[in-house]
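Scroll down for the structure; my scribbles are underneath it.
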Amino acid sequence: MKINNGKFAQTAPRAVGSAKVFFFCGPDEAGAHGAAARIVELLPDPGERVDIEGSELKRDPVRLSDETRSTSLFGDRRHIIVRAQGEEAHDALKILTDAPEAEVAQGWPVIVIASGATDKSRSAKLLEKRDDALVVMFYPPDLRSVTAEVRRLADGAGLRMGAELAQRIAASVALDTRMAAAEVHKLALYLDADSHAPRSVTAEHIDAIGAETEDDGMMPLVDAVISGDVARLPHELARFRQHGLNPVGTVLAMERRVAQLAQIAARIRPGENIAKAVENDPRIFFKERAAIARQMQQWHGPKLARLSDRLIALHRALLADSQAAPLLFAAGCTEIARAAGARR
């Protein structure tokens with residue numbers, strides 16, 4: 009079965025009862041990871057987690073079928089998470105699905121997160137018509153959908169949160185659902201909340217954990233690159249490596265920022281003061297207004313379009329060569345920051 013990502017939330021509870029193979033792909037890597045976590049959360053008894061890299065399955069495609077039929081030392085239940093690039097898992101999935109349906113049904117659930125793959129890939133085509141499989145392609149989310157996801161996460165964590173605060177969290181993590189989930193978890197711990205003892209969230213509570221969020225998040229690097237802050241870039245890249253942040257996810261955050269700049273530019277009238285327009289725009293998160301106003305001055309018209317093309321090319325390069333990704337990412341960030349810095 010294949011669905012679009014907009015239907016995932018309502019389909020997932022039913023899918024865990026019938027599907028044994030889940031294939032999550034598309035340009036929104038955070039969305040695919042979030043979907044995998046949601047499926048595990050919905051499994052009646054997820055048991056032990058078994059992680060397999062796509063490169064391992066490419067070398068040994070039979071391993072996946074073996075793992076779905078194996079048991080742990082203590083005979084506990086299992087679920088299998090595969091992190092693959094492109095079609096790395098195709099041969100393993102074909103071997104698995106060539107088995108009789110009853111045999112697949114008796115195996116452990118398999119969740120494949122396929123970075124760089126699409127719902128038109130061979131792996132997706134292999135699974136999309138099967139009743140025991142679910143294929144979902146995740147596109148970069150918008151503010152509305154991530155806000156809704158933050159509210160869903162908050163409800164599950166025992167947090168009473170209005171739409172305005174949920175939107176604030178969504179914007180503060182650059183629409184990255186994995187980081188949003190981490191923020192909700194921190195709030196729940198801070199307020200000692202759970203489903204049996206719900207707590208109401210206020211702006212002050214979000215402010216209280218905000219400093220930690222800013223230190224741990226990717227947005228300081230995003231702002232340094234797009235603002236052309238070449239002097240600050242080495243520090244931000246070092247902090248990026250220290251916290252083990254994801255290069256692809258960070259480039260996605262840059263792409264979202266560029267799309268946001270284009271949307272804001274379309275709303276500004278000819279001759280209007282950019283800084284004042286940004287400051288008075290209620291749709292822009294207040295902590296981001298200074299950086300966005302600065303970036304609007306540096307990137308506009310054809311230059312903004314070329315920046316978007318450069319980020320898309322960098323994104324593709326990272327997906328195509330995961331081993332060289334850290335070096336490609338640092339070089340790409342430096343190139344963009346220098347270009348922006350020349351316009352300051």
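In the working numbering, the protein residues as written are 9 to 352.
The beta carbon of each residue, even a glycine, is placed where N, CA and C say it ideally should be.
Coarse secondary structure for residue i, derived from DSSP in three states
i           : result
residue 11  : strand
residue 164 : helix
residue 221 : Confidence in residue 221 is poor, its pLDDT being 43 and thus under 50, which makes the residue's placement too unreliable to answer from.
residue 152 : helix
residue 107 : coil
residue 231 : helix
residue 293 : coil
residue 346 : helix
residue 93  : strand
residue 138 : coil
Proximity test, residue i beta-carbon vs the ligand COA heavy atom, cut-off 7 Å
i           : result
residue 141 : Absent from the structure shown: the ligand COA. Ligands present: none.
Anticipated Cβ contact below 8 Å, residue i with residue j, distance rounded
i           : j           : result
residue 10  : residue 136 : 4 Å
residue 43  : residue 32  : 5 Å
residue 188 : residue 157 : 7 Å
residue 167 : residue 207 : 6 Å
residue 235 : residue 299 : 6 Å
residue 85  : residue 56  : 7 Å
Residue i and residue j closer than 8 Å at C-beta
i           : j           : result
residue 211 : residue 161 : no
residue 176 : residue 38  : no
residue 148 : residue 244 : no
residue 230 : residue 323 : no
residue 238 : residue 318 : no
residue 76  : residue 124 : no
residue 178 : residue 155 : yes
Limits of the alpha helix (DSSP H) - the one that residue i falls within
i           : result
residue 24  : 16-26
residue 243 : 241-250
residue 320 : 310-328
residue 192 : 185-199
residue 180 : 171-180
Endpoints, beta strand (DSSP E) assigned at residue i
i           : result
residue 61  : 56-61
residue 142 : 141-145
residue 41  : Per DSSP, residue 41 belongs to no beta strand (DSSP E); it is in the alpha helix (DSSP H), 37-50.
residue 276 : It is not in any beta strand (DSSP E) - residue 276 carries neither H nor E in the DSSP assignment.
residue 123 : 118-123
So, does the region 130-150 touch the region 326-335, judging by three or more C-beta pairs under 8 Å?
no
Sufficient close CB pairs (3 or more, under 8 Å) joining the region 273-283 to the region 49-62:
no
Between the region 313-324 and the region 197-211, are three or more C-beta pairs nearer than 8 Å?
no
Contact the region 66-78 vs the region 298-312: 3+ CB pairs below 8 Å:
no
Counting Cβ pairs closer than 8 Å, one from the region 150-157 and one from the region 115-124, do we hit at least three?
no
The region 14-24 in contact with the region 38-55 per 3-pair CB rule at 8 Å:
yes
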